[in-house]
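Structure first, then comments.
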Amino acid sequence: MDGLTLVTTLAQSNIAAYLPIMVILTMALTFAIGNIVATKLIGPSRTGEIKGQAYESGMNPIGTARKRFNVRFFLIAMVFLVFDVEVVFLYPWADTFTDLATGGKDAALWLGRILFFLLTTVVAYLYGFRKGVFRFD
Amino acid sequence: MTERLPLLLPEIAMFIGTCLVLVLGLSPSLAARKMTGIVTGGTLLLAGILAVNTSTGYASQIGMPMPGLIGFGKALIALVGLLLVLLVAGTVDRGYERMILAGRATYNASRALRAEFYAFFLFSLMGAMLCASADDLIWLFLALELTSLPTYVMVVMSRAGSDVGGDSKAWSRAQEASVKYFFLGALGAAIFLYGFALLYGGTGSTKLVEIGAALSPSAEPNTIAIIGLVMSLVGVSFKIAAVPMHFYTADVYEGASAPVAAFLAFTPKTAGIITMVLLATAAGWGYRDTGLMIGGDRGTLPPAADVVLWIMAIATMTVGNVMAWMQTSVKRVLAYSSIAHSGYMLVGIIAGPGNGSFEQNGIAATLFYLLCYGVMNLGAFAVLACLENSSDESELQTVDDLRGLGRRHPALGWVFVLCCMSMLGLPPLLGFIGKFGLFTSGISAGRLPLVVILGLNSAIAAFYYLKLVAMVWLEEPGDAQDRVRPVPFGTRRIAAILSATGVVVLAVFANQLAVSSQEAARRGPGVMLKPRSAERVEPAAPATPESVAAVDRVR
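Chains as they are written, first to last, in this note's numbering: chain A, 15 to 151; chain B, 590 to 1144.
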């Protein structure tokens, strides 16, 4: 197929089918830009020291947010992530598992699969443990 | 899905081995830590044995696109992986372990890198193995990423930080290389993922077999799928370091230490070549024993994919060889020569399977060349990994550092010469037989310009390979070469000698290897052509007054 045929084939494909997407895109853009412009035009603009502070029950800010945090925060966050992702996969699994026939071949297979998946998490924790992630001294 | 499990035994063995290594490498006891490399090697050996015993018959029974490739590819990866595991000994934690032995540091698991390094090593090889058993785009994408993601980290791990006595300049260069590799890798992945998405969008399936049916000449022209195929091929060219995605190669190989550079030159490239072979086979290449040929005699790639591969092959060969000739750093020479070798392998993919005999089968020639390349390229890098500067344990930099190597260290000199000669394609050696297949398949496919350029490039390659060989054997070592000494890791020397032996010995068994690569290149009998046009619903005829009236009457 040469270049010309390629272009014509593309041109002949059903462009009209994409019209709803185009409409949604236009609506989204109009809404976003329209709101910003409208706020600028008709909204009152009052600024002050109190108004710039944290909202209602928020804490009063002390210093800058670009502070060094202890690296343990990040380690804990990453270890948590292992659980987090695991749970994300457990939900759809649990939802499908209840639909399977009790005691059937598929049920054992699905159970085996998720147990294997949980095992990989155990390996991740074992690794974290040996690496000293849980040593808080 | 479970019917695939018997084919995945090597990967399962690799996974168990990886988990073991991950925990074992962090042990506070030195003896246990030293076991890490041995366990890694044992895992690869087991995976290799399991791979050799993969049942091709079973694989074709469950409809894999290329049943023979599964066992062949994994055995090849395990074989070269075994050489690599010998080669990477002492890459990580060298300075740190010495500090512990000298009592200047106590063992701290969070500073040691051994466990992660070997685990990443196995993960990456496992990804390449998974590519060989892919029959689906999603599977293929995940396998390719599993191959690449660990290598980004391995690049920076391979140099010691200045806190454990490493050269801070080399370390920052490794960090730069790693980041560069990662971002360009992400770009490559984005391109072929977009290609995969278009393939799925155009054909309605992620199965390679069904994509093949949708792209077959008997089906309707499918522009979106063809654009997807071309984008996938271009994106995957990052993995095999082919033009236009080759820019990272020299910098990354130079930034990484020599053993890891050898790893980078083999593992992602193997995964990429296997992916390209699978995509090309799905999209057009194929012959079957039944005599029922696909698309005429030998099958045809979609013309767009053919042209793109053709340009890529020629540009890759030429850029690789010309640039290699212009380099002064040994590792950059080898990096560009590895680019050129990717170009050679693309010639085989373009030539296609022919009538299935080894002389005509470009796919078999590519797979065979992959084995040759894996062994001989590893040997050349292994020589570099075996030598260091005595003053600061840094690696050799320039070609000049190799001056008179043959006089000082004859064994390493011979390894280097044999591997360079094999990469050049000198007759009795393995590289010649590999190139022979590429030449004959190209000629039988009628791709004469391509073959002529392949020949010209082999001639250009002679310039720099012979320059290296002359430097090693013909020149006398000077005072500057006195500081070059062998590294204290015996296994690296074993790896070097084994690959040089392989270059000679495997050439003797080339016939058997050719037969098995020919089997590997066979397309599965389960791949039946199912033109999608048959299922396609013809658009309804425009409503005419008569038909409307007819419908009304029925009502």
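Note that CB positions come from ideal geometry on N, CA and C, so glycine has one too. On a predicted model such as this, the values are computed, not experimentally measured, just so you know.
Within 9 Å, strictly: CB atoms of residue i and residue j
i, j, result
"Asp989 (chain B)", "Ala1069 (chain B)", "yes"
"Ala786 (chain B)", "Gly817 (chain B)", "yes"
"Met906 (chain B)", "Gly932 (chain B)", "yes"
"Ala974 (chain B)", "Ser927 (chain B)", "no"
"Phe148 (chain A)", "Gly142 (chain A)", "yes"
"Ala865 (chain B)", "Leu714 (chain B)", "The amino acid occupying residue 865 (chain B) in the given sequence is Met; Ala does not appear at that position. No, Cβ-Cβ distance for Met865 (chain B) and Leu714 (chain B) is not below 9 Å."
"Pro595 (chain B)", "Ser649 (chain B)", "no"
"Ser747 (chain B)", "Thr680 (chain B)", "yes"
"Gly844 (chain B)", "Ser767 (chain B)", "yes"
"Gly1026 (chain B)", "Ala1109 (chain B)", "no"
"Leu960 (chain B)", "Ala1085 (chain B)", "no"
"Val911 (chain B)", "Ile689 (chain B)", "no"
"Ala636 (chain B)", "Ala667 (chain B)", "yes"
Those residues which DSSP pairs with residue i across a bridge
i, result
"Pro1075 (chain B)", "B:Leu976"
"Ser918 (chain B)", "B:Thr987"
"Asp682 (chain B)", "Paired residue(s): none; Asp682 (chain B) is not in a bridge."
"Asp725 (chain B)", "B:Lys796"
C-alpha gap between residue i and residue j, whole angstroms
i, j, result
"Gly72 (chain A)", "Arg80 (chain A)", "18 Å"
"Tyr696 (chain B)", "Leu619 (chain B)", "9 Å"
"Leu935 (chain B)", "Ala1059 (chain B)", "30 Å"
"Val1092 (chain B)", "Leu1055 (chain B)", "17 Å"
"Ser699 (chain B)", "Gly146 (chain A)", "6 Å"
"Val742 (chain B)", "Leu702 (chain B)", "11 Å"
"Pro617 (chain B)", "Val677 (chain B)", "21 Å"
"Pro891 (chain B)", "Leu782 (chain B)", "20 Å"
"Lys1024 (chain B)", "Ala860 (chain B)", "20 Å"
"Ser1011 (chain B)", "Phe131 (chain A)", "45 Å"
"Tyr139 (chain A)", "Thr19 (chain A)", "57 Å"
"Gly716 (chain B)", "Asp113 (chain A)", "33 Å"
"Leu991 (chain B)", "Pro999 (chain B)", "12 Å"
"Gly614 (chain B)", "Arg144 (chain A)", "9 Å"
"Gly993 (chain B)", "Leu597 (chain B)", "48 Å"
"Ala694 (chain B)", "Lys623 (chain B)", "18 Å"
"Ala869 (chain B)", "Ala803 (chain B)", "13 Å"
"Arg1112 (chain B)", "Ser1105 (chain B)", "14 Å"
"Lys828 (chain B)", "Gly774 (chain B)", "8 Å"
"Thr1080 (chain B)", "Ser983 (chain B)", "19 Å"
"Asp886 (chain B)", "Gly945 (chain B)", "With a pLDDT of 49 at Asp886 (chain B), under the threshold of 50, the modelled position of this residue cannot be trusted; read the value that follows with caution. Rounded to the nearest angstrom, the two C-alpha atoms are 11 Å apart."
"Ile47 (chain A)", "Leu33 (chain A)", "21 Å"
"Gln1101 (chain B)", "Ser757 (chain B)", "48 Å"
"Ala30 (chain A)", "Leu39 (chain A)", "15 Å"
"Leu1037 (chain B)", "Ala108 (chain A)", "59 Å"
"Ala1103 (chain B)", "Asn642 (chain B)", "18 Å"
"Thr22 (chain A)", "Gln764 (chain B)", "47 Å"
Same chain only: Cβ atoms within 7 Å of residue i, ignoring 5 sequence neighbours per side
i, result
"Arg1072 (chain B)", "Asn978, Ser979 and Ser980"
"Ala830 (chain B)", "Thr838, Lys858, Ser927, Ile928 and Ser931"
Sequence-distant residues of the same chain with beta carbon closer than 8 Å to residue i, five excluded per side
i, result
"Thr987 (chain B)", "Thr917, Ser918 and Val919"
"Ala68 (chain A)", "Asn74 and Pro75"
"Ala1089 (chain B)", "Gly968, Trp1003, Val1004, Leu1007 and Cys1008"
"Ala872 (chain B)", "Ile800, Gly801, Leu804, Leu818, Leu890, Pro891 and Ala894"
"Thr110 (chain A)", "Trp124"
Own chain residues within Cβ distance below 6 Å of residue i, not counting five before or after
i, result
"Asp878 (chain B)", "Because the pLDDT at Asp878 (chain B) is just 42, under 50, the model does not fix this residue reliably, and the point stays unresolved."
"Arg1155 (chain B)", "Residue 1155 (chain B) cannot be examined here, being either before or after the span of chain B that is shown, 590 to 1144."
"Ser722 (chain B)", "Leu596 and Ile659"
"Val669 (chain B)", "Phe855 and Gly963"
"Gly1014 (chain B)", "Gly1020, Phe1021, Lys1024 and Ser1047"
* Between the region 894-910 of chain B and the region 1034-1050 of chain B, do at least 3 Cβ pairs fall closer than 8 Å? -> yes
* Count the C-beta pairs between the region 767-787 of chain B and the region 725-735 of chain B that are closer than 8 Å, then say yes if the count reaches three, no if not. => yes
* Should the region 937-952 of chain B be regarded as contacting the region 1025-1034 of chain B, the criterion being three or more beta carbon pairs within less than 8 Å? -> yes
* Taking contact to mean at least 3 C-beta pairs separated by less than 8 Å, is the region 836-853 of chain B in contact with the region 923-934 of chain B? -> Cβ pair count under 8 Å is three or more, so yes.
* Asked: Just checking, does the region 654-661 of chain B make contact with the region 628-636 of chain B on the three C-beta pairs under 8 Å criterion?
  -> No, they do not touch.
* Asked: Should the region 684-694 of chain B be regarded as contacting the region 822-829 of chain B, the criterion being three or more beta carbon pairs within less than 8 Å?
  -> With contact defined as three or more Cβ pairs closer than 8 Å, the region 684-694 of chain B and the region 822-829 of chain B are not in contact.
* How do the region 720-728 of chain B and the region 789-802 of chain B stand: do at least 3 beta-carbon pairs fall below 8 Å, yes or no? -> yes
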